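Following: one structure in structure tokens, then a few remarks.
Residue numbers (the numbering used here), protein chains in the order written: chain A, 84 to 196; chain B, 341 to 455.
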């Protein structure tokens, strides 16, 4: 059973608009949550990482939020650019899972002119 | 900058061939990982290694083996390639000493096609 669910599965927005991607998880006890960006044909690159004590983290136009009580995270992209077109993957680490991570299936974002 | 490199970006092999995928990292990371990524399934862990000559099975180790003879290098071996092993293979590495922020750094991936 996948312990990390992302929504929507895919999204198309116009350049310059904002968007929000969602991640719900059931991993417990929770250790940390990361958002990765994966360009087509490339490996994932980390955008943000948050532990249970952090509820927001920014990286330029990307802002991640975390609600550890409801086990939800979101990634907000401001003033989208064509280069934001990619897959965004939510990854959750558990306290007892050691090095193993729980990956969401990703949200595919397409930014159009 | 952390660099994780993989020996090939694209690879085409025939059913039954033995396939070697190589991964090298230059940050002295203790941990190294092999994943495969398929549409609709996300990333799935095949094997990982937390030290030289040490290895642990991940979620889908069947049909694969690994080798870690040097700290910087982690190899994935398909003993007898099959068509259902056609996939994108991603290598990753991380430090051992900071579990809370155990960030994994990924290589560019190898797209393997088995005919």
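Virtual Cβ for every residue (Gly too), placed ideally from N, Cα, C.
Predicted model only: the values in this text are computed from it and were never measured.
Residue-level contact to chain A via CB, residue i, 9 angstroms cutoff
| i | result |
| --- | --- |
| residue 418 of chain B | no |
| residue 384 of chain B | yes |
| residue 445 of chain B | yes |
| residue 361 of chain B | no |
Enclosing beta strand (DSSP E) for residue i [first to last residue]
| i | result |
| --- | --- |
| residue 417 of chain B | 413 to 418 |
| residue 410 of chain B | 405 to 410 |
| residue 169 of chain A | 169 to 177 |
| residue 96 of chain A | 93 to 97 |
| residue 192 of chain A | 190 to 195 |
Beta carbon proximity, residue i to chain B, threshold 9 angstroms
| i | result |
| --- | --- |
| residue 119 of chain A | yes |
| residue 140 of chain A | no |
| residue 154 of chain A | no |
| residue 168 of chain A | no |
| residue 93 of chain A | no |
Which listed residue (the options) has its alpha carbon closest to that of residue i
| i | options | result |
| --- | --- | --- |
| residue 175 of chain A | A/94, A/108, A/192 | A/108 |
| residue 90 of chain A | A/155, A/164, A/143 | A/155 |
| residue 295 of chain B | B/382, B/364, B/371 | In this structure chain B extends from 341 to 455, so residue 295 of chain B is not present and cannot be described. |
Listed by chain order, chain B residues near residue i by CB distance under 7 angstroms
| i | result |
| --- | --- |
| residue 183 of chain A | 385 |
CB-CB length for residue i against residue j, believed under 8 angstroms
| i | j | result |
| --- | --- | --- |
| residue 115 of chain A | residue 159 of chain A | With 8 angstroms as the limit, residue 115 of chain A and residue 159 of chain A do not qualify as a contact, their Cβ atoms being about 19 angstroms apart. |
| residue 197 of chain A | residue 177 of chain A | Lying before the first or after the last residue shown, residue 197 of chain A is absent from chain A, which here runs from 84 to 196. |
| residue 60 of chain A | residue 99 of chain A | Because chain A spans 84 through 196 in this model, residue 60 of chain A falls outside it and cannot be assessed. |
| residue 422 of chain B | residue 408 of chain B | About 24 angstroms; that fails the 8 angstroms criterion. |
Contacts of residue i in chain A (Cβ-Cβ under 8 angstroms)
| i | result |
| --- | --- |
| residue 449 of chain B | 124, 125, 126 |
| residue 380 of chain B | 188 |
| residue 430 of chain B | 126, 127 |
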